[in-house]
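Here the protein sequences come in this chain order: D, E, A and V. According to UniProt numbering, the residues represented by the first sequence are 1 to 419, in order. According to UniProt numbering, the residues represented by the second sequence are 1 to 419, in order. According to UniProt numbering, the residues represented by the third sequence are 1 to 419, in order. According to UniProt numbering, the residues represented by the fourth sequence are 1 to 419, in order. Okay, so here's the structure we're looking at.
There are 4 protein chains.
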Amino acid sequence: MATREQSLTEIRRDLHRYPEEGWTEFRTTALVAEELDERGFDLHLGPDAVDPEERLGVPDEERLDAALERARELGSPEEYLERMEGVTGLVAVKRYGDGPVVSVRVDMDALARDEAEDDDHRPAREGFASEHPGEMHACGHDGHTAIGLGIARELDEHGGFDGTLKLFFQPAEEGGRGGKPMSETTHLDDVDHMLALHLGLGEETGTVVAGYDRPLSNAKLDVTFHGEPAHAGGQPHAGRNAAQVLGAAIQNLYAIPRHGDGKTRVNVGQVRSPNAQNVISERAEFRIEVRGETADLNEYMLGKARTVVEHAAGMHECEHETSLYGKTTTFECDESMVDAVSEAAEGVDSVTDVKRRKEFGGSEDASYLIRRVQENGGDATYVGVGASNVAGHHTAYFDIDEDALEVGVDVTCETIRSL
Amino acid sequence: MATREQSLTEIRRDLHRYPEEGWTEFRTTALVAEELDERGFDLHLGPDAVDPEERLGVPDEERLDAALERARELGSPEEYLERMEGVTGLVAVKRYGDGPVVSVRVDMDALARDEAEDDDHRPAREGFASEHPGEMHACGHDGHTAIGLGIARELDEHGGFDGTLKLFFQPAEEGGRGGKPMSETTHLDDVDHMLALHLGLGEETGTVVAGYDRPLSNAKLDVTFHGEPAHAGGQPHAGRNAAQVLGAAIQNLYAIPRHGDGKTRVNVGQVRSPNAQNVISERAEFRIEVRGETADLNEYMLGKARTVVEHAAGMHECEHETSLYGKTTTFECDESMVDAVSEAAEGVDSVTDVKRRKEFGGSEDASYLIRRVQENGGDATYVGVGASNVAGHHTAYFDIDEDALEVGVDVTCETIRSL
Amino acid sequence: MATREQSLTEIRRDLHRYPEEGWTEFRTTALVAEELDERGFDLHLGPDAVDPEERLGVPDEERLDAALERARELGSPEEYLERMEGVTGLVAVKRYGDGPVVSVRVDMDALARDEAEDDDHRPAREGFASEHPGEMHACGHDGHTAIGLGIARELDEHGGFDGTLKLFFQPAEEGGRGGKPMSETTHLDDVDHMLALHLGLGEETGTVVAGYDRPLSNAKLDVTFHGEPAHAGGQPHAGRNAAQVLGAAIQNLYAIPRHGDGKTRVNVGQVRSPNAQNVISERAEFRIEVRGETADLNEYMLGKARTVVEHAAGMHECEHETSLYGKTTTFECDESMVDAVSEAAEGVDSVTDVKRRKEFGGSEDASYLIRRVQENGGDATYVGVGASNVAGHHTAYFDIDEDALEVGVDVTCETIRSL
Amino acid sequence: MATREQSLTEIRRDLHRYPEEGWTEFRTTALVAEELDERGFDLHLGPDAVDPEERLGVPDEERLDAALERARELGSPEEYLERMEGVTGLVAVKRYGDGPVVSVRVDMDALARDEAEDDDHRPAREGFASEHPGEMHACGHDGHTAIGLGIARELDEHGGFDGTLKLFFQPAEEGGRGGKPMSETTHLDDVDHMLALHLGLGEETGTVVAGYDRPLSNAKLDVTFHGEPAHAGGQPHAGRNAAQVLGAAIQNLYAIPRHGDGKTRVNVGQVRSPNAQNVISERAEFRIEVRGETADLNEYMLGKARTVVEHAAGMHECEHETSLYGKTTTFECDESMVDAVSEAAEGVDSVTDVKRRKEFGGSEDASYLIRRVQENGGDATYVGVGASNVAGHHTAYFDIDEDALEVGVDVTCETIRSL
């Protein structure tokens with residue numbers, strides 16, 4: 001747990017071994033907090049780092065408590081756990097000079113999935129695969145967290161820069177649950193420049209993408225339908241059939257009209273009606289994701305989806321509940337920051353290829369932080385750091401080339417110094 | 001028009017030639033009224049025979065006016081047309097003795113369909129096919145009306161009976177539109193016995209069925225959906241799509257849960273969305289029929305159908321209107337009346353076969369009159385008079401064997417005298 | 001395991017404590033076999049009692065092996081386990097005299113559900129609740145098996161009767177999986193009279209129903225749809241969406257046309273598409289149950305359901321697999337046997353109320369055995385033995401009044417002796 | 001009919017008064033042919049101008065015959081009517097010099113709609129509104145045809161140009177039915193430059209748009225479903241319900257997955273199931289339009305639509321027929337031609353505003369001719385000629401500012417001379 005003695009690779013492997021899903025990153029937050037505290041950063045933990053009211057897709061109390069207890073058992077310093085007050089996330093600030101406030105945002109959460117256990121998978125082969133069943137760092141956030149620490153180390157140990165560094169260690173990026181609550185604090189108010197970064201994204205180690213554009217906005221809605229059971233043979237009319245609601249809702253969700261102003265998406269997952277086939281379904285559920293090329297198009301889809309869900313339930317006299325699980329918006333990287341990163345990257349030895357901009361295929365809730373900075377007059381970019389992934393993001397065999405950690409640190413620090 | 005000189009067959013052919021759809025039976029009503037007036041019956045015409053407020057499926061004013069004008073042009077006596085006040089239907093009463101009040105119900109309306117014009121069809125061959133395009137007596141109501149007159153003639157000319165005769169000439173049986181409004185008047189309050197009758201029903205001439213049971217209750221609902229047009233290529237999101245409502249509604253109407261207590265039915269017809277395929281549909285419509293083994297089951301289906309329609313519209317943000325087009329209920333014939341008709345029929349020479357009871361396959365709004373009589377303590381039956389039909393009811397080649405007219409008159413009068 | 005020393009109540013409680021789901025009744029079969037073997041019955045075990053090829057809804061090998069191993073560990077005699085050759089079920093025969101062959105059918109399987117564990121539930125309170133998580137005797141088959149043994153004891157120990165006794169210990173009644181394969185053997189060929197019996201069915205202890213009629217025929221179909229995953233944001237067109245198939249299939253299954261000839265039913269349960277909401281569903285599944293008032297109506301529904309499933313898959317370019325999980329047919333009890341049971345029951349002291357016949361609400365695969373006996377010229381009935389259930393069949397708190405066990409034995413034996 | 005004496009405005013008004021829908025432009029074709037014949041053009045009429053086998057959405061024989069007869073009655077020269085052999089369309093060629101082959105494409109067909117008859121509508125007020133009920137020039141093709149003649153006149157009477165003029169008078173543009181068959185002839189093989197033009201398109205008179213880009217590809221599919229009628233009350237199972245097919249098809253058509261590669265569209269119109277609500281539908285139909293940002297995306301949608309239609313029918317055991325009614329593809333205008341038109345337009349006095357390029361909102365089957373020219377190495381553009389429309393294209397009050405006719409002629413001739 002004495003991370004200062006550990007290399008970035010060692011830290012990354014430690015995090016990989018003890019992955020924590022969104023809003024349960026107690027150990028991860030504490031681990032980061034401990035080193036940055038020792039380095040003299042001002043720490044803003046938990047409710048001081050994210051607006052608790054704005055959190056989306058928070059697990060239930062029991063789950064949170066169990067995760068906290070697990071962190072405790074794994075030796076996380078009680079001091080930081082307490083300061084979190086049950087809320088994960090960290091903003092760490094250090095002033096090195098009078099110049100601009102530069103922020104870096106990294107995310108910390110793992111995915112809800114099992115990790116491959118066979119020898120084809122390096123983490124398993126080399127003994128640092130997940131020890132938490134059902135959780136896995138399959139999107140590189142372990143590396144992002146390590147890079148965040150690496151940036152602090154690099155600047156701290158090599159003279160800082162003429163300005164203030166603000167590190168945002170964001171919880172719950174998966175699902176788009178942590179970006180908005182982190183953007184709703186005051187920490188971004190004075191930020192002049194922001195870099196968010198991501199490992200992998202299909203690029204080889206040595207490649208840096210200085211800016212990504214136009215991720216689709218998205219929103220995730222969890223829906224439960226409540227009906228009334230009845231014997232399907234004797235009293236088919238006496239129930240209120242939540243499985244029929246599923247049928248009507250699925251059909252009409254995919255049939256939400258396309259929009260003339262741009263791309264829209266809708267998808268349904270985790271569909272479930274557990275009733276026996278001789279009983280009218282009393283409960284059914286699914287999870288929806290909608291997307292739009294713009295925030296407006298995303299709202300269009302979300303509104304339509306809610307309408308379909310409401311009337312599918314009404315059609316079969318069922319009740320329904322919805323809960324917004326996560327949400328992201330879109331962004332555009334500023335040309336000024338793309339310039340800065342490109343130029344900095346050209347000067348880093350381990351960088352072999354610099355791409356100025358690419359379209360961002362998926363969705364990202366760094367978008368909320370980026371837009372907040374831009375609204376306040378700052379500029380921002382989202383940087384891709386190639387990591388030669390051997391398997392796709394979110395899959396059981398996902399891994400990163402750890403050489404990419406230094407690339408990420410160096411490009412970021414070089415950029416920060418140049419601003 | 002001097003019907004007293006005409007045989008029943010001549011009258012039936014006259015009516016067949018000038019068929020009038022439901023609520024437009026101006027000429028038919030006037031024709032009947034004229035003879036019964038001459039015979040000294042008390043006449044209750046139009047709003048005095050049916051409750052105008054309870055009428056279902058009434059054509060628009062323009063259509064009613066045109067039909068009235070047509071009746072005028074065909075020589076209907078102005079006196080009766082005026083007394084109808086735009087409402088068809090007639091109750092005619094004559095007291096012959098102190099005994100029970102016996103009523104007979106016949107219906108008068110034609111169907112909305114073209115009649116066959118080729119020589120295979122006797123009415124065409126012998127020159128009495130419909131002269132009203134789009135209207136045809138394809139269910140024998142021309143014969144029923146003639147039988148109603150025949151009963152009046154027979155009793156009037158052969159000594160009456162010890163009681164009071166009430167003849168109900170019902171409009172708009174097709175669709176189940178006239179029975180309920182006729183049952184909502186006071187004319188049934190003092191009725192001791194009622195016979196309703198129908199020609200054909202799959203029986204040969206000479207066969208009499210003394211009672212039918214358990215027609216399905218039904219209801220007909222006309223539905224219109226209002227959306228918003230938009231160009232399907234450029235602005236697919238800008239419309240509100242009434243054609244999509246059709247899809248959702250049709251699928252979910254047929255999926256209304258079966259009922260544990262008995263038979264239910266639902267069907268959709270006259271579906272229409274006239275939009276060009278490159279325009280989002282701004283208007284769609286269909287007509288629904290539901291049925292139930294009991295009045296309650298029919299209400300169950302009607303309620304569910306309304307719910308589906310409402311939420312199909314809501315799902316696609318369209319408005320909707322519904323209009324109840326027609327409605328029937330179920331009935332059971334009284335054993336006492338089945339006995340009376342059976343015995344009477346046995347004594348009629350032209351009757352070769354007497355069946356006591358059969359199940360009634362379709363729906364009938366005589367049900368409302370029958371139930372009203374039964375509620376008031378009277379008894380009632382629905383009698384089938386075989387007529388050797390050469391083609392199915394409601395088809396272009398439907399015709400009746402006119403020998404059945406006398407059978408109908410004789411069996412009914414014989415029964416009346418026996419009560 | 002020395003059941004001869006145990007009372008019927010003790011045996012029932014032993015079976016209740018170690019419930020075995022359909023096709024895994026290894027311990028139950030062996031337990032019955034052991035006592036009947038000692039009593040000199042000819043035993044037909046496993047493949048000699050049911051046609052293995054005709055079995056429906058058989059669990060996978062792993063599950064069967066585990067259940068067999070469990071029976072072994074619980075001390076089931078190896079001899080009988082071996083003779084079963086992996087197939088449960090038993091026909092036991094003993095000849096007492098030259099008279100008719102009388103058969104009794106009881107079922108042995110438990111349900112796939114957890115049992116209540118609190119003190120409100122007598123089996124929990126008195127220590128004989130299920131020790132097999134996920135399995136419970138919640139339909140009284142533990143009592144049926146005990147009654148089967150009780151009949152053997154009673155006849156064996158009190159002079160037999162003038163004829164041959166054939167006891168059918170049927171596996172896998174739940175879901176309708178064992179009746180057909182048991183009826184496809186030759187054991188029913190010479191049966192003159194058959195009684196099947198069931199405890200509870202809403203009747204108080206002391207009540208006997210001498211015959212049930214017209215259970216709905218049913219069939220259960222398990223369906224899996226195979227699609228192709230794709231990223232719902234980037235490549236929505238690249239997948240083949242099994243969740244969309246669910247929508248189309250559910251909507252159209254419930255919309256299978258009602259049938260003019262009688263009752264039909266359809267219901268969908270255990271709906272599941274486990275894909276994440278940002279991935280096009282690659283796999284979805286559900287389980288269907290159809291029913292019909294007759295075997296033909298059941299086939300109508302099953303055929304239509306297969307058609308809907310096939311085309312719902314085809315519509316979204318998915319593949320599908322179906323597997324018939326269970327099937328029952330309908331039956332009518334013979335008046336002769338209803339007479340015999342009624343009269344016998346009147347003579348049994350513990351019987352307080354004898355009902356001749358009731359309609360059977362649910363479905364039963366004893367139907368296949370009953371019909372086979374009737375086809376061969378024998379007569380049969382299905383007898384209800386009241387058991388004052390404190391909770392509904394198939395629920396976690398289901399229990400039987402054990403006094404009903406003797407009632408069942410006495411009524412059956414009295415009937416057998418009277419035939 | 002002596003068009004040489006008529007001004008372009010007179011010709012346009014004559015055509016406006018006698019509009020002819022797609023594939024019935026007999027009078028229009030003959031009128032054009034007559035003047036161009038007199039001017040010494042080589043004429044390719046009917047099957048010599050379009051490939052008859054490739055025609056889409058051709059009206060039935062009866063309709064074609066009636067239109068031909070109508071043209072005859074209106075005085076069209078028999079010579080040209082005969083040469084058409086029942087197929088409309090004309091390619092007219094005249095060689096003025098050795099230079100390039102320049103082609104101009106105009107379309108001739110009217111829309112299937114009624115024209116406004118009140119005085120707010122200039123054609124009605126000034127007496128040249130449509131005399132053909134149900135047909136109207138509501139998209140300016142009357143003007144296009146006049147401009148085509150005007151170009152011939154201008155060049156013919158003012159010295160021609162150094163090259164060959166090929167005029168394509170295309171039939172059946174509405175619905176996208178005539179472009180493809182005209183492009184499948186050899187007439188385009190030697191074309192070096194092509195201009196297609198359209199009046200209006202939202203621009204004021206005096207504005208010229210030198211190029212349009214990326215119209216959506218589209219396809220129109222007419223679909224008929226054949227079921228089996230049955231009485232919905234008595235025999236609901238006996239039919240095969242084409243109305244249910246509508247429900248399943250509509251729902252699933254709109255739910256065709258969005259495509260990751262670009263815009264797609266689908267819409268359903270002219271939905272119809274004419275069955276009475278108490279009869280299972282034996283016939284239903286609708287017309288579909290799909291679109292795609294590219295020809296491939298359009299094919300994707302068309303393929304998916306066909307799959308949905310097939311399986312919606314199969315799901316309810318109905319048959320179906322489909323007929324491709326029309327089809328267009330997309331195009332890009334060549335920079336060289338946009339330059340040429342822009343420069344020429346700048347030099348025309350009546351032109352007040354020149355726009356280089358706009359996106360094309362709708363769909364256009366000139367696309368097939370344009371792409372054919374480009375495939376053969378030629379260049380092409382699609383030119384908009386502003387016409388200050390007082391009402392939207394395709395509406396009852398559509399009209400053009402006739403001053404735009406000369407603008408169209410002048411810009412085109414100026415361009416031709418410059419090539």
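Cβ coordinates follow ideal geometry from the N, Cα and C atoms, glycine included. Keep in mind the model is a prediction, meaning the values are calculated, not measured.
Per-residue burial, residue i [other beta carbons within 10 Å of its own, 16 or more giving buried]
{"i": "H16/V", "result": "buried"}
{"i": "G22/A", "result": "buried"}
{"i": "K133/V", "result": "Note that residue 133/V corresponds to Pro in the displayed sequence, not to Lys. Exposed, because fewer than 16 other Cβ atoms sit within 10 Å of the Cβ of P133/V."}
{"i": "Y4/V", "result": "Residue identity differs from the one stated: residue 4/V is Arg in this sequence, not Tyr. Result: exposed."}
{"i": "R372/E", "result": "buried"}
{"i": "A66/E", "result": "exposed"}
{"i": "N376/V", "result": "exposed"}
{"i": "S273/D", "result": "buried"}
Residue i and residue j closer than 9 Å at C-beta
{"i": "G75/D", "j": "G46/D", "result": "no"}
{"i": "T164/V", "j": "V102/V", "result": "yes"}
{"i": "G314/E", "j": "S281/E", "result": "no"}
{"i": "R70/V", "j": "F26/V", "result": "yes"}
{"i": "M337/D", "j": "A284/D", "result": "no"}
{"i": "V308/A", "j": "I151/A", "result": "no"}
{"i": "T352/E", "j": "I147/E", "result": "no"}
{"i": "V290/V", "j": "T264/V", "result": "yes"}
{"i": "H158/A", "j": "V93/A", "result": "no"}
Task: Contained alpha helix (DSSP H) runs [length at least 4] in the UniProt domain "Peptidase M20 dimerisation" (219–312) of chain V, N- to C-terminal order - done: Within the UniProt domain "Peptidase M20 dimerisation" (219–312) of chain V, the complete alpha helix (DSSP H) runs of at least 4 residues are 242–254.
Open item on the list: So, does the region 386–397 of chain E touch the region 198–211 of chain E, judging by three or more C-beta pairs under 8 Å?
Closed with: The region 386–397 of chain E makes contact with the region 198–211 of chain E: 3 or more CB pairs, one atom from each, lie closer than 8 Å.
Open item on the list: Quick test of the definition: if touching needs 3 or more C-beta pairs under 8 Å, does the region 402–412 of chain A touch the region 4–16 of chain A?
Closed with: They touch, by the three-pair rule.
- [ ] Decide if the region 279–297 of chain V is in contact with the region 203–219 of chain V; the criterion is three or more beta carbon pairs, one per stretch, under 8 Å apart.
- [x] Between the region 279–297 of chain V and the region 203–219 of chain V, the count of Cβ pairs shorter than 8 Å is three or higher; the stretches touch.
Open item on the list: Taking beta-carbon pairs under 7 Å, can you tell me which members of the region 241–255 of chain E lie near chain D?
Closed with: Hits within the stretch, in order: N241, Q244, A248, N252 and A255.
Task: beta strand (DSSP E) segments (min. 3 residues) lying fully within the region 58–140 of chain E - done: Correct list: 90–95 and 101–107.
- [ ] Determine, using beta-carbon pairs with one atom in the region 241–260 of chain A and one in the region 311–327 of chain A, whether at least three such pairs fall under 8 Å.
- [x] Under the 8 Å Cβ criterion, the region 241–260 of chain A counts as touching the region 311–327 of chain A, having at least three qualifying pairs.
Open item on the list: Assess contact between the region 351–361 of chain V and the region 203–213 of chain V, defined as three or more Cβ pairs (one per stretch) separated by less than 8 Å. Is contact present?
Closed with: The region 351–361 of chain V vs the region 203–213 of chain V: in contact.
Open item on the list: Does the contact criterion of 3 or more C-beta pairs under 8 Å hold for the region 177–193 of chain A versus the region 140–147 of chain A?
Closed with: Note that the region 177–193 of chain A does not touch the region 140–147 of chain A; fewer than 3 beta-carbon pairs, one per stretch, sit closer than 8 Å.
Task: Against chain D: residues of the region 282–294 of chain A by CB proximity under 9 Å - done: Residues of the region 282–294 of chain A with a Cβ closer than 9 Å to any Cβ of chain D, in chain order: A284, F286, R287, I288, E289 and R291.
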